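Step one of this worksheet: look at the structure below.
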Amino acid sequence: MAVVVWLLSLLFLIFILIAAVKRTKQHGRQPPSPPGLPLIGNLHQLGILPHRSLWELSKKYGPVMLVKLGRVPTVVVSSPETARQVLRDHDLDCCSRPSVEGARKFSYNYRDIAFSRYDDYWKELRKLCVRELFSTKQVNLIQPIKKTEMKKLITSITESASEETPINLSETFLSLNVNVVCKASFGVSFQGTVLNNEKFQGLVNEAIEMMGSFSASDFFPYTGWIFDRFTGLHARRERSMRDLDAFYEQMIDLHLQKNREDRSEDDFVDLLLKLEKEEAVLGYGKLTRNHIKAILMNILLGGINTSAITMTWAMAELARNPRVMKKVQSEIREKIGENKKERIISLDETYQLNYLKMVIKETWRLHPVSPLLVPREVTSEFKINGYTIQPKTRLHVNTWGIGRDPQVWKDPEEFVPERFMDCDIEANGQHFELLPFGGGRRICPAMYMGATTVEFGLANLLYQFDWKLPEGAEVENIDMDEAFGLTAHKKHDLLLVPVKPLDL
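Mind the numbering: the sequence shown is residues -20 to -1, 1 to 484 in mature numbering (1 follows the signal peptide of the UniProt record, and there is no 0), read in order.
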């Protein structure tokens, strides 16, 4: 009897080994993976800030790492070379977006449309947005709007400077971008909405957090939504989407009114409504009202918050590094000329501010707005560093980790804009050491608009004002904690005191 049991055990072991060998041959060499737990895999290892947790794991398991997030196999790449393979060499094999399982439980299904998979719809949408909103020509056309809003902002800050009271730069930058984007894209001023400034900022921040949150339904299809309802995440997402929907409906209603004030010509929303009326085909089907709302969502959340986040991080780093603050202000004031009241630096003038551009690049390196690029889904098998990546695998590029890699950057934790002097690294998606806008077919279509918005905003506020910490605050105690959502913004608002230079 014992011999029979022994033989059966041996046969079972041989069967297991043959199955393992067969699976290895079938699926190829798998990327290294940290050990996980049953059912949840590696979810417990993500932490509050997943990009940081994944970066720490990659130090042990390498720049191509496989983690199991619930039932979803996910590959994380965290070096310029592996990012190049994903975003350039095998872009076509993984340019699709994963289906948003959580969105299927929503009554507002345009959330899934906003994260469209790579198909004819996405290509047509990208062409439309670039042509009508984000081209160099269109960005130049909205400069009068930016100039007007900047004048209003400078006037407001001047009042605070006269009393040397702190201002909330996090809110200031967001408000500036809200006003510009609403006027340029929606054709109405921010004051034309039913929301006041504070409520609107809360709406945007909540939407960003919800869109970037990790939900059980994304990792446990068919059953995870139960857990999301139990934790209250489902209700929060529904409420956030409902508030956004009300805003979009108001924007659309304003454009449908026959008698509209302060509207001299058609804008982007008018164009979309016209295409809807004409039953225009966009990719796989007719353009619907949900498609319009999805497009407005991308513009609203992508065009407003991202530039404001970068400007806030830049000013926080300048406040922590007085040497850099003094150097960049000296460049601006020397090259632009005499600092006069009401003087607004134009977009053309920012082209000569080379050190300011280095400051912005260094900010993108240390504080990428999307620390984990929006996930891709593999559609065709390919290899990275000899590891086989299977279809249906979710794929992340850890731009935050790439920016902190000591093998790529000297003293990576230090804010040193001079590292970009005589350096050909640009933030255009072609240099994989710096990917603030992503790369490949999914690169941000508003890259030029975003970069020029940051340059314009920082140049004018650094030109018009000196900046100091509130009374009692110390440079070494400036809080640099980040909050994670769809974007990584500064967790706590940045408060600085504006001071008018003596020559005004």
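Note that beta-carbon positions come from the ideal geometry of N, C-alpha and C, so glycine has one too. A quick note: this is a predicted structure, and the numbers were derived from the prediction, not measured.
**Asked** Hey, would you say residue 287 sits closer than 8 Å to residue 182, going by beta carbons?
**Response** no
**Request:** Starting from the C-beta of residue 13, find all residues in its chain whose C-beta is less than 6 Å away, skip the five residues before and the five after it, and write them out in chain order.
**Result:** 46
**Asked** Just curious, the beta strand (DSSP E) that residue 447 is in, first and last residue?
**Response** 446 to 448
**Prompt:** With DSSP run on the structure shown, which of helix, strand or coil describes residue 418?
**Reply:** Three-state result, residue 418: coil.
**Asked** Residues in its own chain within less than 7 Å of residue 251 by CB, not counting five upstream and five downstream?
**Response** 112
**Item:** N- and C-terminal bounds of the beta strand (DSSP E) containing residue 364
**Value:** 362 to 364
**Asked** Any idea which residues DSSP pairs residue 377 with across the strands?
**Response** 57
**Item:** the ligand SAH heavy atom lying under 7 Å from the CB of residue 250
**Value:** As far as ligands go, the structure on display features none, and thus does not contain the ligand SAH.
**Prompt:** Per DSSP, what kind of secondary structure is residue 504 in: helix, strand or coil?
**Reply:** Missing from the structure shown is residue 504; the chain here goes from -20 to 484 and no further.
**Message:** Can you tell me which residues form a DSSP beta bridge with residue 21?
**Reply:** When DSSP reads this structure, residue 21 sits in a beta bridge with 17 and 49.
**Item:** N-terminal and C-terminal residue of the beta strand (DSSP E) that residue 469 is part of
**Value:** 468 to 470
**Prompt:** Where do the N-terminal and C-terminal ends of the beta strand (DSSP E) with residue 476 fall, by residue?
**Reply:** 475 to 479
**Message:** Quick check on the burial criterion: 16 or more other C-beta atoms within 10 angstroms. Buried or exposed for residue 468?
**Reply:** buried
**Item:** Simplified DSSP state of residue 430, which is helix, strand or coil
**Value:** Collapsing the DSSP output to three states places residue 430 in a helix.
**Asked** Taking Cβ positions only, does residue 451 come closer than 8 Å to chain B?
**Response** Of the chains in the structure shown, none is chain B; there is only one protein chain.
**Item:** Contacts around residue 141, its chain only, beta-carbon distance under 7 Å, and the 5 residues preceding and following it disregarded
**Value:** If we look at residue 141 and ignore the five residues flanking it on each side, its Cβ neighbours are 445, 478, 479 and 480.
**Message:** Assuming the contact rule is C-beta atoms closer than 8 Å, residue 200 and residue 51 should be a hit. Round their C-beta distance to whole Å, please.
**Reply:** 6 Å
**Request:** Could you name the residues of the same chain whose beta carbon sits closer than 8 Å to that of residue 148, not counting the 5 residues immediately before and after it, in chain order?
**Result:** 473, 474 and 475
**Asked** Of the choices 457, 57 and 265, whose alpha-carbon is the least far from that of residue 103?
**Response** In terms of CA proximity to residue 103, 265 leads the group 457, 57 and 265.
**Item:** Own chain partners of residue 315 with C-beta closer than 7 Å, once the 5 adjacent residues on each side are dropped
**Value:** 332 and 333
**Request:** Indicate the three-state DSSP secondary structure (helix, strand or coil) for residue 352 in the structure shown.
**Result:** Of the three classes helix, strand and coil, the one that applies to residue 352 here is strand, per DSSP.
**Message:** Can you confirm whether the region 286 to 305 touches the region 151 to 162 when touching is taken to mean that 3 or more C-beta pairs between the two stretches lie within less than 8 Å?
**Reply:** They touch, by the three-pair rule.
**Message:** Going by the DSSP bridge assignment, what does residue 262 pair with across the sheet?
**Reply:** Note: residue 262 sits in a beta bridge opposite 265.
**Request:** Confirm, please, whether the CB-CB distance from residue 378 to residue 414 is below 8 Å.
**Result:** no
**Request:** Have a look at residue 492 and residue 268 and give me their C-alpha separation to the nearest angstrom.
**Result:** This structure cannot settle anything about residue 492, because the visible part of the chain is limited to -20 through 484.
**Prompt:** So, do the region 403 to 418 and the region 63 to 77 have three or more beta carbon pairs nearer to each other than 8 Å?
**Reply:** yes
**Message:** Tell me which residues share the same chain as residue 43 and place their Cβ nearer than 8 Å to its Cβ, disregarding the 5 neighbours each side in the sequence.
**Reply:** 57, 58, 59, 61, 62 and 365
**Request:** Below 6 Å CB to CB, which residues in the same chain sit around residue 82 once its five sequence neighbours on both sides are set aside?
**Result:** Confidence at residue 82 is low in this model, with a pLDDT of 42, below 50, so the placement of that residue should be treated as unreliable; the coordinate-derived value is given next. Excluding residues within five positions, the ones whose Cβ falls inside 6 Å are 195, 197 and 198.
**Asked** By how many angstroms is the C-alpha of residue 217 removed from the C-alpha of residue 465?
**Response** 13 Å
**Message:** Give me, in chain order, the residues of the same chain whose beta-carbon lies closer than 6 Å to that of residue 53; leave out the 5 immediate sequence neighbours on both sides.
**Reply:** 373
**Request:** Quick one: give me the first and last residue of the beta strand (DSSP E) that residue 324 is part of.
**Result:** Residue 324 -> no beta strand (DSSP E), and no H or E assigned at all.
**Buried versus exposed call for residue 504 [16 or more other C-beta atoms within 10 Å across all chains shown]** = Outside the shown range of the chain, which is -20 to 484, sits residue 504, and nothing can be said about it.
**Message:** Looking only at its chain, what residues have a beta carbon closer than 7 Å to the beta carbon of residue 439, apart from the 5 residues adjacent to it on each side?
**Reply:** 312, 325, 330, 333 and 336
**Item:** Close-in-space but distant-in-sequence residues of the same chain around residue 470 (CB under 7 Å, 5 per side omitted)
**Value:** Excluding positions up to five away in sequence, the list reads 150, 292, 293, 296 and 462.
**Request:** Over the uninterrupted beta strand (DSSP E) stretch that includes residue 369, give me the two end residues.
**Result:** In the DSSP annotation of this structure, the continuous segment of the beta strand (DSSP E) that includes residue 369 starts and ends at 367 to 369.
**Asked** Using the beta-carbon count (16 or more within 10 Å), is residue 521 buried or exposed?
**Response** An answer regarding residue 521 cannot be provided, because it is not within the stretch -20 to 484 covered by the chain.
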